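Going line by line, the protein sequences match chains P and V. The working numbering puts the first residue of the first sequence at 22, with every later residue one more than the last. The working numbering puts the first residue of the second sequence at 22, with every later residue one more than the last. Even glycine gets a Cβ: it sits at the ideal position worked out from N, Cα and C. Note that this is a predicted model, so its numbers are computed, not measured.
There are 2 protein chains.
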Amino acid sequence: MKIGIIGTGNVAWHMAAIIEETDNTLTSFYSRNSKEGEEFAKYFGCQFSTDISKSIENDLILIAVPDKVISDISNEIKGFKGLVCHTAGSVGIDILSDFNRYGVLYPLQTLTKFNALDPSEIPFFIESNNKEDGTLLADIIQKAGANSRFVDSEQRLILHVAAVFASNFTNHLYAVAQKLLDDNGIQLEAIMPLISQTSKKIKSLEPSKAQTGPAIRQDTDTMEKHLKVLESFPNFQELYQKLSNSIIKKAEG
Amino acid sequence: MKIGIIGTGNVAWHMAAIIEETDNTLTSFYSRNSKEGEEFAKYFGCQFSTDISKSIENDLILIAVPDKVISDISNEIKGFKGLVCHTAGSVGIDILSDFNRYGVLYPLQTLTKFNALDPSEIPFFIESNNKEDGTLLADIIQKAGANSRFVDSEQRLILHVAAVFASNFTNHLYAVAQKLLDDNGIQLEAIMPLISQTSKKIKSLEPSKAQTGPAIRQDTDTMEKHLKVLESFPNFQELYQKLSNSIIKKAEG
Chain P
22 MKIGIIGTGN VAWHMAAIIE ETDNTLTSFY SRNSKEGEEF AKYFGCQFST
72 DISKSIENDL ILIAVPDKVI SDISNEIKGF KGLVCHTAGS VGIDILSDFN
122 RYGVLYPLQT LTKFNALDPS EIPFFIESNN KEDGTLLADI IQKAGANSRF
172 VDSEQRLILH VAAVFASNFT NHLYAVAQKL LDDNGIQLEA IMPLISQTSK
222 KIKSLEPSKA QTGPAIRQDT DTMEKHLKVL ESFPNFQELY QKLSNSIIKK
272 AEG
Chain V
22 MKIGIIGTGN VAWHMAAIIE ETDNTLTSFY SRNSKEGEEF AKYFGCQFST
72 DISKSIENDL ILIAVPDKVI SDISNEIKGF KGLVCHTAGS VGIDILSDFN
122 RYGVLYPLQT LTKFNALDPS EIPFFIESNN KEDGTLLADI IQKAGANSRF
172 VDSEQRLILH VAAVFASNFT NHLYAVAQKL LDDNGIQLEA IMPLISQTSK
222 KIKSLEPSKA QTGPAIRQDT DTMEKHLKVL ESFPNFQELY QKLSNSIIKK
272 AEG
């Protein structure tokens, strides 16, 4: 099967890496961003085109562009007779309902271009407007060595929100910790074993039972000391307060 | 050297596990909580006593009790001639200044009793009122196979605040994600590869550069969709807003 990818972002790069693991052919990237597009094409040994309408020469088109551009892009490939999929967590499948065969292939992972991951580390969530294409997508993912599951657009949106909490916000808290340490001449490396163990611990103990720290103990003395340390970072101080209150609230049911 | 541990919490358990890895003798746990104390003593094959003042029969006493109890406990062992250490992140060394030889041995890790960790996963932060005892403590930690560094009370407090952000708050965000998934019939396991990769990624890419997600892209459409999903959880909705704002603020410098 000939597959084309529209987009040159992190998801586009990783979709290409997944296709490379299968017996399908990645023909080309399509994007107005020619600098990235040429780099991607060189890396994967395929073509690159700034003419997005040319992507209709494929059997499967993967649209991996910012959410708000999906609609415009699908207008540019109107009349495509093959299977077209977007890769977004928070966009419903219906945005592609003008096509005959359409679906969603959502990789639930934090992806950075040129930073290859083992496919087994990327779970895919699939949706399609007909059963056969769902099976076809699941086969591609399986052949690449990744796992996939079928979910509807509503569940996929929930997965995306959960991912924002568990990954994007978590990473931001790592950045806050690093800023505090940096300002005091301490390397982030000092808390790396803690970060690693915190993420591992919940494999055997569910997060609500794994909660430790001053907030869950309602140790107000310590929390006040910490808020004082944060006086020069009003933004971090507010986060500390909100997150502590949320922990206490959750503990109280 | 004879070592006694006052306390029967998570830190007390792990301090015992560390001592077991050395050629020192853990003589006894001391605590008013006799149920846990007896369990701990049985596990580690040592004694247990509800008489805290008896701990002065040791060469080294480790006080692993809630922060606000450290002062009371140290009154109960007044006149002790050996080395006494507490294990708290946010309590200054001076709380023990009535003794001749005193220090701090702070394990920067999320610790759960009966859940053994490899000592190499627990970094210790050491402080002491004299250089010899600092070396003595560092030797114990090294013999157990763990790493240690010397920091003063101020730096230790910063480390603790950073740890609250990077571990306690992070775990709470995992709990929020789990609640959202649970309510929609999805297992936490669906986002485990993401959680794992998010914590690994910052080993090679610093957190501020690893930030992904709708907030850093200032993708307001997606953020609004997410806030709508969270309508029935006003607490989570507020966290979403505060954390997103903080990411945007940080990105804008």
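### Message
Going by beta-carbon coordinates alone, are I114/V and S174/V separated by less than 9 Å?
### Response
yes
### Query
Should the stretch 47 to 55 of chain P be called in touch with the stretch 24 to 31 of chain P, which here means at least 3 C-beta pairs below 8 Å?
yes
### Task
State the DSSP-derived secondary structure class of T191/P, mapped to helix, strand or coil.
helix
### Query
Whose C-alpha, out of I162/V, K164/V, Q232/V and G166/V, is nearest the C-alpha of F186/P?
Q232/V
### Message
The alpha helix (DSSP H) that contains P144/P, what's its start and end?
### Response
Note, P144/P: premise wrong, no alpha helix (DSSP H); not H, not E.
### Task
Would you list, in chain order, the members of the stretch 28 to 58 of chain V that have their beta-carbon closer than 7 Å to a beta-carbon of chain P?
none
### Message
When you compare the CB positions of H181/V and L129/V, do they come within less than 9 Å of one another, or not?
### Response
yes
### Query
Taking contact to mean at least 3 C-beta pairs separated by less than 8 Å, is the stretch 192 to 209 of chain V in contact with the stretch 263 to 272 of chain P?
For the pair of segments examined, the stretch 192 to 209 of chain V was found to touch the stretch 263 to 272 of chain P: the number of CB pairs separated by less than 8 Å reaches three.
### Message
On the CB-based measure, 16 or more other CB atoms within 10 Å of its CB, does D139/V come out buried or exposed?
### Response
exposed
### Query
What separation, rounded to the nearest whole angstrom, lies between the Cα atoms of I84/V and D203/P?
Straight-line Cα distance between these residues: approximately 30 Å.
### Task
Please go through the same chain and pick out, in chain order, the residues whose beta-carbon is closer than 7 Å to the beta-carbon of V112/V, but skip the five residues on each side of it.
D88 and I91
### Message
Taking 9 Å as the threshold (beta carbon to beta carbon), is E252/V in contact with chain P?
### Response
no
### Close-in-space but distant-in-sequence residues of the same chain around T133/V (CB under 8 Å, 5 per side omitted)
N31
### Message
Could you check whether the Cβ of N96/P sits closer than 9 Å to any Cβ belonging to chain V?
### Response
The beta carbon of N96/P sits no closer than 9 Å to any beta carbon of chain V.
### Query
Which two residues bound the contiguous alpha helix (DSSP H) that contains Q68/P?
Counting along the chain, Q68/P falls outside any alpha helix (DSSP H), though it belongs to the beta strand (DSSP E) covering Q68 to S70.
### Task
Mind the definition here: the stretch 56 to 72 of chain P touches the stretch 33 to 44 of chain P only if three or more C-beta pairs lie below 8 Å; say whether that holds.
yes
### Query
For the beta strand (DSSP E) that I162/P lies in, which residues bound it at each end?
That residue, I162/P, is in no beta strand (DSSP E); its alpha helix (DSSP H) goes K152 to K164.
#### Entry: F61/P: first and last residue of the uninterrupted alpha helix (DSSP H) it sits in
S55 to F65
### Query
Going along chain P, which residues have a C-beta under 7 Å from Q176/V?
Correct list: N205 and I207.
### For P238/V, three-class secondary structure by DSSP
The question names Pro, but residue 238/V in the sequence shown is Arg. Correct three-state label for R238/V: coil.
### Message
Can you confirm whether the stretch 210 to 224 of chain V touches the stretch 143 to 155 of chain V when touching is taken to mean that 3 or more C-beta pairs between the two stretches lie within less than 8 Å?
### Response
no
### Message
Against chain P, with Cβ distances strictly below 9 Å, would D115/V count as a contact?
### Response
With 9 Å as the cut-off, D115/V does not count as an interface residue toward chain P.
### Query
When you compare only the Cα positions, how much space is there between F257/V and T219/P?
21 Å
### Task
At 7 Å on the CB atoms, spell out the chain P contacts of F190/V, in chain order.
Those within 7 Å of F190/V in chain P are L194 and L264.
### Task
Taking a Cβ distance cut-off of 9 Å, strictly less, list which residues of the stretch 124 to 149 of chain V are near chain P, in chain order.
L129, Q130, T131, L132, T133, N136, L138, S141, E142, I143, P144 and F146
### Message
Output needed for N54/V: all residues of its chain with C-beta closer than 6 Å, excluding positions within five of it in sequence on either side, in chain order.
### Response
T29
### Message
Could you check whether E42/P and F65/P sit closer than 9 Å to each other, using their CB atoms as the reference points?
### Response
no
### Query
Between A165/V and P144/V, what straight-line distance do the alpha-carbon atoms span, to the nearest angstrom?
11 Å
### Task
Name, please, each residue of chain P whose Cβ falls closer than 7 Å to the Cβ of S267/V.
H193, N256 and L260
### Message
By alpha-carbon positions, which one of P255/V, A272/V and T191/V ends up nearest to K222/P?
### Response
Ranked by how close their Cα comes to the Cα of K222/P, the residues P255/V, A272/V and T191/V have T191/V in first place.
### Task
Decide if A137/V is buried, meaning its Cβ has at least 16 other Cβ atoms within 10 Å, or exposed.
Burial call: exposed.
### Task
Spell out whether any CB of chain V is found under 9 Å from the CB atom of M22/P.
no
### Message
When you compare the CB of A187/V with every CB in chain P, is at least one pair closer than 9 Å?
### Response
yes
### Task
Could you tell me whether the Cβ atoms of D80/V and L104/V are closer together than 9 Å?
yes
### Task
Taking A165/V as the query, report the chain P residues whose CB atoms sit under 7 Å from its CB, ordered along the chain.
Within chain P, no residue comes near A165/V; the closest Cβ sits about 14 Å away, beyond 7 Å.
### Task
Would you please state the rounded distance, in angstroms, between the beta carbons of S188/V and T131/V? I believe it to be under 8 Å.
5 Å
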